[in-house]
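Mapped onto the numbering used here, the consecutive letters of the sequence shown carry residue numbers 32 to 107.
C-beta: ideal position from N, C-alpha, C; glycine also.
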Amino acid sequence: MSTVLVVGAGPRLGGAIARRFARDGYDVALIARSSGPVDQLATELRSEGINTAWAAADVADEQQLTDEIARLAEHG
């Protein structure tokens, strides 16, 4: 199974993108700056049967973003 990464994932656009890819059979990995909203989105997606992982990272912090993408890839 392939995984799609949604960066800047939020409840509206990020959620719509995640759901669209999930309909095509993809697992979804989400990254957002704040953990609260992305955790809530991941919980919603999981309740819909979508295999979802998430991480909090600021895209302006290259090292933090790289570390979190690597962590998500390890568990994917």
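Quick one: measure Cβ to Cβ for residue i and residue j, integer angstroms, because I've assumed they're closer than 8 Å.
i   : j   : result
S66 : A84 : Between A84 and S66 the Cβ distance is about 13 Å, and since that is not below 8 Å, they are no contact.
V90 : V38 : 6 Å
Label residue i either buried or exposed according to how many other C-beta atoms from any shown protein chain fall within 10 Å of its C-beta, with 16 as the threshold for buried.
i   : result
A63 : buried
E99 : buried
G45 : buried
A40 : buried
Do you know offhand how far residue i's Cα is from residue j's?
i   : j   : result
L96 : V35 : 16 Å
R50 : D58 : 10 Å
Which whole runs of the beta strand (DSSP E) in the segment 42-100 are 3 residues long or more, in chain order? If we require 3 residues or more, the beta strand (DSSP E) runs fully inside the segment 42-100 come out as 58-63, 83-87.
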